[in-house]
Each structure stands twice: as C-alpha cells, then as structure tokens.
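Heads up, the thing below is written out as structure tokens.
Protein chains in written order, with my numbering: chain A, 13 to 783; chain V, 651 to 1141.
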C-alpha cells in the first residue's frame, strides 16, 4: 500500500491543488484517461479495515465497509456525522436514514469483495513498477506482441520441416530434452487415501543456496481443502517445520520454502486462474538459490503464472531449508494430506527451469503419444533454429516482465464493476440482513444536488465534493488545517459541523478562509503560509492571569498557540535534532525500535505480522510516517502519544498528558540513542568546551540559548552526572551502547555519558515536546 | 478513600491552598466527599489517585474492584458448566429443526450437510451445598462451588469473536466505544496514585494445538472517553509496563537527578508562560518516577511466601502463564488497582475438543480457585468481583467429523455460561436454565447487557444514570436498549 503513501507525500510536496487531491482519492480510477497516479490515489478508499475471519457473513461485513466509507466521507469532507443516521433518521441534523444509505450507494459498485482472503494484495490492486522501470513497463507489451508475431511467423516458416519430421515419426526417438534431471519417480500412478503419504529418501537438493526445480504431474481431487502434494519438512515442537512444500490451497498451487521460526517465502497461483478439480495438472516450481523473497516461480500446465503480487513474501528467506527429513509424497508429515489425489510423474532438477522447458515437460505425455500439437511445440522450441530463437526471445521478455513485477510494488486501488450500477438498500435499524427500499446514489437532500451532468457514481460524488456550490468541503478543510496550526479548529469538533458539534469561535473568519482557499485554486501551501505568518499565530504563547481568566483554552487567540506535538512529530524532532534522521523520501514501511511481544500478544498463529523483526540501519531513523502500522497493536510509543489506531477515520486527536508519555521520552531506546547522537555532535563540534557543548545542544533543541538560571541548573546536573560516570565507567559504556548506531569511541566516555544525560534531560523539557 | 496521597501529587502552590483548605474543612467534618471531590477535580488530573466523577458511586457499592477473566474463543458450556445427560442418547442424531428454529449459522458450519449431536465425553458431578453440576475438567472450581454464582443463561446476538468480544466489553459490536474497565476507571477513579486504575493482562496457554484467535488493543481502549482511561498493559516479557525501565547505564539516582533538573527547568517555563499543561507535565514525570518503583515492586513475586505457589501451582512462578497472571491480579488489587482485565486465548474449540480442552482447563482451574481463596483469606473477596467467561457459547452439534472420541463445536450465541464470585454476588448459586440441548434458554435469560448492568450495579453504579455525552447521545455502557440488573444474583 505504500505507493499510495508515496503519492500523498508527493502531492503535498508539489502542492497538488486540494480539489484535485480530493477528486483523485475519491474517484481517481474513474477519471477519463486516468493516469497511474490517479489510480494509485483511489487507494484512499482502500484504507479501511478488512477481515477474513472464519465465520463472518459477507453481507454483514459489506455493510460495515459501506458505513466506514460513508462515515469517512462525512467526517473528512462534510463535517457531518452521517453515521448517526444508519439506524434511524439523524436525531439532530437534517440527515435522513435514506440520505445515509444513498451516500453508501456511491461506494457499493466496487470489485472489492467483502472478505479479503487473508492476503496482502486483495484485489483490485495495481502493480506499480519502480520509477526506473516505468518506461520499459510501457514499452514491453509492444515488444511482447512483436515477439509473439515472430513466433507465429516462425511457426509458419517451420511448417514444412515439421510436417516432414512428424510424419517420419522422428519424435519417437526423442528423449525429453530438458537436461540435468537429478531424480525421477519410476513410471506408474500413485494414489493417496486420507491420512496416507509415502516416504522417499531425503533429497539434499533442497537447500538454501541450491537452485532447484520440481516438475510434478498430479491429479487434483474434488476438494477445496488444503492439500499437500509433496514436501520435505522436518517437524519441530509447537507445530514448527523447516524445508519445502508443494501445496494446493483452495485450488491455488503453492511452493513454500520454510526457514527459521516457521517463516516461509512462497510463490502461488493467481486467484483468477485456479486449478480445475477432478483433473490432471502439471506443475513446475522453481527456485533460483538466492533466498530472496522473489526467487521462486510457478508454471501451471506449462504456462508461466504471472505474479499476483510482486513481493509474494514480505521477507527474504531466513535460515536454512535443508533437512534430513524424507521426501514425502501426499502429505506434510503433520496434518495435511492429499486424499483422493494421484501423482504420475515427478522430476527434480538442480537448476531453475524456464517456461519453455516447463511446457515441454508438461506436454511430454501427449508428445510421447504422438499428439501433433505437443509434437509441434517440441519441434519449434527444440529443433527449428528460427522458431527456437523466437521462443527464446519471448522467454527473455517474459523474464524481464516478471523481474519488473518483482521489483515493483502492489498498491490497492478502487475499480468499479462494469455490468452493474451503484445502488444500496436502506437497512432497517442498520441491520445487514434487513434490507428495505432500494436507493440510488444521492447526496443528502439538505445540500445542493450533484452538479449538472455529473454521473451518479463515485466520480459524480467527487465532483460534487469540490464543486463551487458545495458549502462544506472548503470550510471543513480549512478548519482542519487551522486545527493543525493552532491546536484547535475554529470549529472545535472538526468532524461535526452539525448541531451537536460546537459552533465556530470565529464564523466570519471561517467563511473568509474557506473562500480564500477556494479562490486561490485550493492552494494548500498558500493557506498554511497565510496562517503561520498571521499576527494571531506569531503572538508569544505567554498566558497572563487575565488572559487565562478571559480565554482559558485560547479559543479567542488571546495568546499564541501552545500545545504538545503529535507523537510522530516528537519522535521526528528527536531524530532531527540528533542528526540521525534520514532524508530519504518514500518507499516501503520500516520497523524501528519496538519493545518485545507487542505484536505476539494479539496476533493469530499464522499471521505474517505475528513476530516483529526490527529493521536495521537507515530504516531505524526514517520519519515516523514510514513506520509499519499494525492496527491491532500499533507502535507503542506513538499510541501513548494519542496516535489513533487507524481502524476508523480520526480527524481530531486527543492530547493527553500522562506518565506513560514521560516514560517514552525518557527511556525509549530511540530517544536515548538520539540523545547520545546529539551529545556526540556537540562534543565533536565544541571540543573541550563544555559550556559551548551545552549551548549547541540547547540551540538545537530549543532554538535559543539557555539563560543564566537554566545554565546554572543544567551545569550543576552535568557535574553530578559526570561524577557518577567517572566513578562507574561500566555505566557510561552501557549508556553509550543504547541503540544500534555506534558511539564515537574516541570521545571520553564519562563526559560523553554525562552529556548524553544532559541531552536526555533537555529532550524531555516541556518546551521541547510542545509547540 | 484516602485523599492525602493525592494531595501530595500536586506541587502547584496555587492549587495547594485550595486543597489545604478543603483538607481543613474535611478534618472539621464540614465537607462531604462529593463537594471535596468537586474541589479536587479542579486540580490537574494525575493518573492514579484520582477520585472519580462527583456523585459516583450512586449508592453504596458491594464491590470496589473487579477482576475479569475473559476466556477468548469461547469455552464450550456442554463440557464444562452445563450438564446435559440426556444428550448421551442423542449421539450422532441430528439436531431437531424445532430446537434450532432459525438460528443463523456461521459460514463455517453453514455448509455442513448434517448437524450431528456431540454429547460431552466428560463426566459431571454435583458439588458444594447447592449440588452445582460441574465438569470433571474443573476439579478446583468444583471445590469452590459454594463461592461462585454460575449463570447458565447468558446470551448474545454476536456469532463471531471480534464482534462478540467487543460487544461484551464495550456494549456495541462495532469498535469505538469504551470498554468496561475504561468506564469504571472514568467513573470511579483509582485507589492508588502510583499504579494505573485499569490494568490489562494477557495470559498464554500451553497446548500447541489450541485454536488461537486474534484480539486487539482496542479491546482495552477508552473509545470516546479520554485516552487516560485506557487499560495499561502489564506485560509478562521485557518491560512489565512499556518503557518503565531506565536504559542500561542509568541507575535510579541518575534518573532522579535528571528529574530534579528537568523539574526545575520546567518550573521556569511554567512561571514564564503560565500554561497549566506545564505543571501537569511536571506532576506526570513525578508519577512516572513513582511507577518506576511501584511496578517492579508489584511484579517481584519472589517476595511471595511458598504457600502462595502451593495455592496457585508452580506455573505461577513463570511469567505469562494464567496462574502467574491470576497471582498478579491479586497483587494488583491489593495495591489498589480498580479494574484488572485478563485475556486468555486458545478456547476456540472448533475441533480437537477432547484433546485441547483438558489442557486449557488445567491451565486455569487451580489458579481460579487460588485467586478466589486468596482474596477470601485477605478479607478482600466481599468487595472484589471476580468474573470468568467467554464471549458466546458453543453448539451441541459437532463441527466437522464426529466420532465417539473426537468432536468440535461451532459458535453459539443463544446461551453460554459464566461464573462470578465475590463483590456482592451469591455463592453456591446457579442462575438460569437451558433446554436439554443447551441450545435455547428456558429460564431467566441474562443478556450481555444485563450482565453489564449487574456488574455496574455491584460497583454501586446505576447503569442508566452513568452516561457520557458524545455525538448528541448520552452514551451508556449498556447501550440504548433496555437492560436489567439481575437481582437474583445479589447476595
């Protein structure tokens, strides 16, 4: 999903007009001649929480998604609590239950299914190639078409030669031209009953650094169960295993390489091309020996399976797959079997086969029986020079395509069904199984209608949201930006401009800002510049008793705004001050420091976000918006600072002031390491000048020097720290070792540790965490 | 309730004279607790030692604190609490349609061609003065049958874990509302200034084949109430409270010295800018320091006598086990924590029930007994409410293949069992009855809402008057529909 995040970042950086920002996120996929960017932007609608929990009822889940999208539309663009009208007419605002369901209708013509399938690339998704691959990605289809034409031409040219070769029965003397076979099952069919599997001697071929291919012909029984065709797995306690497995799950073929701690890399067939049951299949799976997460490939009945997701696994293979366990046919040595299945041919190769070889093997029985089509394929791929070259060229292009896919990223997008129109039913008392009247997509009746000519779908909704006649979107938006800068919106209840929300503290200002914003061309940077250069913002944040009396919460802006920064900002601030923050923009999410066991406590056993594996290097020091976010167990240091879980839309955060927050900024290794890094900068810049070191740190974190009293306090503390670390050098060493980056060993440890404590102290100042 | 510890938590001189005046008046016998707490509520809120809302509790409570042991996944009532001997004659017979009467099925069993009845393979016995019928898998619970109230007629509408746990915890199937612990923390405040009012424990289970469901931190979140009322997770691995420990190389005296300097500098800021938040932050750092001492003291079970481990079992020595968590729960309430919520997973016996259930029970049974007896011995059982139960029941019919020795049960919302002990409940009492199949309730149903209303009642709170205005609605834990306090349970 990170290409969507990248798009958001770029949109802000290049100051994309806000009306376009809205339009693309609500309906970018529906714009005429849509660009990849616009499609990526529609991923906004895919940020909802999804489920695949066993036992859930699709209609119920769909109703929840619909409500989520309608609620979000209301909160973010309209300042309307439309969700209050899901069970009955809104008790306070002019929003009927019919209005609510008419709003959900805009979102109900999507190809996205209610259950997410427990995969990370739930369709509809878009492959986003890397920037350097984009132009090749555009030109590839034409080249592939040309290559296919060349094959067709070569086929025609080779026809006379083939006819002669075939009629003469030359194929009868041919051996399978795929070289290097290491192992083959003896001829004959093996059947498998329930709970039965057969053991063969262990294959040392299956090891992390050895490429291999498995070509197997099997009969898939009538079942959507999870089946294991063959495996070589060493079993361990607590249901762990190591080795390889070829499986069919819900009619999709899988190859899995299981390494340390049950973590596997895998490749699998696509959703839309599942295997036919009650039929023979040929499967070739290959591994290139690199251990990389994209090192696997799958060929079903001789056809390369396109990657459904460029990164099938989130991690590279960890540890070994080599075991002494037997090669097992028809089971995994534990609970999985191949009941009703059969295997008639199994070959192992010590290299990764290509698509043509896979196809040759797949077609071999037909070829041996004199099937003309199979024979022709063999002839063109292996005998006729012109055709062979044409096939190889296409194979090279296919490999290139796969490689670009693998390097690219998947992002979730919106896509409409083409054979239906969006519609909804009013749900009696909001219950998913009590649908009543049908409703078409419509905006709440109390507001102006869709613009003339706007389609009755998401695109029309998006156009309506940013239409000049829409009285809400601009006002709600400027209010949110005001909230960002001043701490509280002009309308405090930023998601509720209705009668139960608060009235604006400065209604004329709100209107003026809304119109300014719209007339400026929805220019976000201009708006923010306007706010931060205003006299109101530039006031000092000094509260006098008179001001506190007259304006306790500073709603009337008697003084400059002053409020604690968001959790992300507090972490970013420490990283920036320390010099550790990297400037890198974009890319996949990262995993910085996190205490143990935060994920494990809540995750399911099979979850790929069960074990938190911290990144290293640069990824520990990215801006906090890049931190991988597990919604059911969010990053602890963010959550403690009121970061929302992101399970539902939140436009306004709480700002609590708790001891748990104190513990984070004092003790989180991220902050301690940042303190140490800043202390190091000071020591290197102001050698042998403690007073100078102190002022450098102060100027960095406070943007001002310390005054006399502050200097006295801090220097006194420094002396006490120094005395301790002089006497306890082991403590100094330990403190300096916190964090992955290495402390500069040339600096005197006691001074270094003492200055780290000073920095830790300063980074915890009220003035530092507040803006 | 002692207010003196709280008074020390606020060093702000201007607040102190207000509070000192109140103290003088209290000592003169002039002020009631209500007015005093109103004065104190003007002071900055410190987490811990905060009095609750003025006017609460509404009436004299029986329970001052709650330990809620939630068995995630839903334990099967037929095999543990709800004996249905007639089912032995029904082995492998289909559940009659008249009994099922339109109950919606989960998509896990909706595809089954048959619904064959799976009688329990476990034996039941009658226990205690009331002859309470309990399974052989719970011998220790059976020993304390006279201490517990067993409700066999709990019911819900939720049929899947996520919405069901959310429902019993927050009163609504969709996330976003505060959980019980947050409501209680908000309404009643805390009794200890050094520990959070609402603590969450997550216990692990031993059987590797137990079916584990995901839970989520939102189960102990404060929803639309202020985030300070969220549950604080007491963890069994690493830092018991996140970030509680100073980094390596920073011993306590160094941290104290830093806090002194920090406090002095913040004081200058407070004087310069007069932002009330600055003063609060000073207080919170001091509270953090106190927690750094109180939490290790709390989690240091080595100070417990041998008799404790004899009572709870050896597993109590190992961090993260249920027994250890139960012991921790007692230590928490002993130190004034108001609400302890424990989650233990692995009860979702869709299959392999006869194999997995005994292990799950073994993990919890002795420790439940120990907890209740332990509280009793300390004279705390009468005002501590202990609760044990899941989020729904399980089906009488087997999910998946049924054999004489193996079966599984699917989710079943129409009836389930739950027990309570202490805190004003009746000991040795069974409430509610189900039909012969433990499928429908025939007597005294207790809806999840009723359970919540009763819980609040035992804490001295009228669930209809305890509200919080949000989005124009006076929100209640028990929601908008009618809920009844189950008077019959009250001692």
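We treat Cβ as the ideally placed atom computed from N, Cα and C, and that holds for glycine.
- Assigned with DSSP and collapsed to three states, residue 421 of chain A falls in strand.
- The residues 749, 1046, in chain order, have a CB closer than 6 Å to that of residue 1089 of chain V in the same chain once the five nearest residues on each side in sequence are set aside.
- Annotation: Cβ neighbours of residue 922 of chain V in chain A (cutoff 8 Å, chain order): 554.
- Counting only Cβ-Cβ distances below 7 Å, residue 865 of chain V has contacts in chain A at 614, in chain order.
- A residue is called buried when at least 16 other Cβ atoms come within 10 angstroms of its Cβ; residue 458 of chain A does not meet this threshold and is exposed.
- Rounded to the nearest angstrom, the gap between the Cα atoms of residue 401 of chain A and residue 71 of chain A is 53 Å.
- Around the beta carbon of residue 1000 of chain V, 16 or more other beta carbons lie within 10 angstroms, which makes this residue buried.
- For the 7 Å CB-CB criterion, residue 713 of chain V and residue 1052 of chain V do not form a contact.
- Look at residue 139 of chain A here: in three-state DSSP terms it is strand.
- If you look at residue 953 of chain V, you'll find it isn't in any beta strand (DSSP E); DSSP assigns it neither H nor E.
- A:686 is the residue among A:734, A:703, A:686 whose C-alpha sits nearest the C-alpha of residue 755 of chain A.
- DSSP links residue 355 of chain A through a beta bridge to A:202, A:230.
- In this structure, residue 607 of chain A sits away from residue 969 of chain V, with a CB-CB distance that is not shorter than 7 Å.
- As a beta-bridge residue in DSSP terms, residue 852 of chain V pairs with V:993.
- In the three-state reduction of the DSSP assignment, residue 885 of chain V falls in the coil class.
- Interface with chain V (7 Å Cβ-Cβ cutoff): residue 134 of chain A is excluded.
- Along the region 749-765 of chain A, going in chain order, the ones with a CB nearer than 8 Å to a CB of chain V are 749, 750, 765.
- Against chain A, the beta carbon of residue 878 of chain V has neighbours under 7 Å at 668, 670, listed in chain order.
- In the DSSP assignment, residue 1069 of chain V falls within the beta strand (DSSP E) that extends over 1066-1071.
- Contact between the region 1094-1104 of chain V and the region 1054-1063 of chain V is absent: fewer than three C-beta pairs spanning the two stretches fall below 8 Å.
- Of all residues in the region 881-894 of chain V, only 882, 883, 885, 886, 887, 888, 889, 891, 892, 893, 894 come within less than 9 Å of chain A when Cβ atoms are compared, listed by chain position.
- Looking at the backbone, the Cα of residue 793 of chain V and that of residue 1033 of chain V are separated by about 21 Å.
- The alpha carbon of residue 830 of chain V has as its nearest neighbour, out of V:718, V:958, V:758, the alpha carbon of V:718.
- If you draw a 10 Å sphere on the C-beta of residue 446 of chain A, you find fewer than 16 other C-beta atoms in it, and that means exposed.
- Listed along the chain, the chain V residues whose CB falls inside 8 Å of the CB of residue 681 of chain A are 897.
- If you check the CB distance, residue 574 of chain A and residue 782 of chain A come in under 7 Å.
- Taking CB atoms only, residue 100 of chain A has no neighbour in chain V less than 7 Å away.
- Remark: fewer than three beta-carbon pairs, one from each stretch, lie closer than 8 Å, so the region 847-861 of chain V and the region 638-647 of chain A are not flagged as touching.
- By the neighbour-count criterion, in which 16 or more other beta carbons inside 10 Å mark a residue as buried, residue 129 of chain A falls on the exposed side.
- When A:552, A:148, A:724, A:780 are compared, the shortest CA-CA separation from residue 579 of chain A is found for A:780.
- Runs of alpha helix (DSSP H) with 4 or more residues, each lying fully within the region 42-94 of chain A, are found at 48-53, 70-85, listed in chain order.
- By the criterion of at least three beta-carbon pairs nearer than 8 Å, the region 492-502 of chain A is not in contact with the region 42-50 of chain A.
- Assignment of beta-bridge partners to residue 123 of chain A by DSSP yields no partner.
- Counting along the chain, residue 379 of chain A sits inside the alpha helix (DSSP H) bounded by residues 367-380.
- Under the three-state reduction of DSSP output, residue 1008 of chain V falls in the helix class.
- With respect to the 7 Å criterion, residue 101 of chain A and residue 510 of chain A are not classified as neighbours on the basis of their beta carbons.
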